[in-house]
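Colleague: Going by this note's numbering, the letters in the sequence shown line up with residues 23 to 144, in that order. We treat Cβ as the ideally placed atom computed from N, Cα and C, and that holds for glycine. Predicted, not measured: the structure shown is a model, and the values here were computed from it.
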Amino acid sequence: MHCFYLFPLPLPLYSCIVAPMYFKHHVFFCTNQRDGGRECCQRFGASEVRDYAKQRVKALGLSGKDGVRINAAGCLDRCSEGPVLVVYPEGVWYNYVDKEDVDEIIDEHLTHGRVVERLKIG
Numbered sequence: 023m024h025c026f027y028l029f030p031l032p033l034p035l036y037s038c039i040v041a042p043m044y045f046k047h048h049v050f051f052c053t054n055q056r057d058g059g060r061e062c063c064q065r066f067g068a069s070e071v072r073d074y075a076k077q078r079v080k081a082l083g084l085s086g087k088d089g090v091r092i093n094a095a096g097c098l099d100r101c102s103e104g105p106v107l108v109v110y111p112e113g114v115w116y117n118y119v120d121k122e123d124v125d126e127i128i129d130e131h132l133t134h135g136r137v138v139e140r141l142k143i144g
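In structure tokens:
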């Protein structure tokens with residue numbers, strides 16, 4: 023069970039709704055394509071890396087309910103830091119360079135719950 027806060031509420035009053043999570047981790051890969059040669063995650067092969075991550079998570083038996091879900095996302099508004107992905111429910115943002123970086127995120131964060139500090143962005 024996870025707690026979700028509803029805003030806006032007058033501080034210090036918070037409302038907490040406890041609800042079951044369908045996935046343990048939900049990963050969004052920015053796959054946005056921008057026109058005119060502007061910075062974007064797709065220029066770095068984001069769709070192919072996302073497909074790779076999805077296949078790897080499935081091969082490891084991590085996918086499905088109570089597991090890991092890998093999704094494509096439109097622009098996540100971090101173009102200059104791309105390519106990027108974000109892992110929920112923690113809200114941890116990562117920059118990756120290649121499949122080996124994604125393997126490390128899968129092995130450390132998604133499998134063992136350890137944030138990969140060297141790839142984390144603020």
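Assuming Tyr118 and Val71 are in contact, meaning their beta carbons sit under 8 angstroms apart, how far apart are those beta carbons, in whole angstroms?
Modeller: Contact flag correct, Cβ pair sits at about 7 angstroms.
Colleague: Using the C-alpha atoms, what's the distance from Pro105 back to Gly91?
Modeller: One detail in the question is off: residue 91 reads as Arg in this sequence, not Gly. Going from the Cα of Arg91 to the Cα of Pro105 covers about 19 angstroms.
Colleague: Mapping the DSSP letters down to three states, classify Tyr74 as helix, strand or coil.
Modeller: If DSSP states are grouped into helix, strand and coil, Tyr74 belongs with the helices.
Colleague: Can the beta-carbon of Lys76 be found closer than 7 angstroms to that of Tyr116?
Modeller: Cβ atoms of Lys76 and Tyr116: not closer than 7 angstroms.
Colleague: Starting from Val124, trace the alpha helix (DSSP H) both ways and give me its first and last residue.
Modeller: First-last of the alpha helix (DSSP H) with Val124: 121 to 126.
Colleague: Per DSSP, Lys142 forms a beta bridge with which residues?
Modeller: Bridge partners of Lys142: Tyr116.
Colleague: I need the DSSP call for Leu107, collapsed to helix, strand or coil.
Modeller: Of the three classes helix, strand and coil, the one that applies to Leu107 here is strand, per DSSP.
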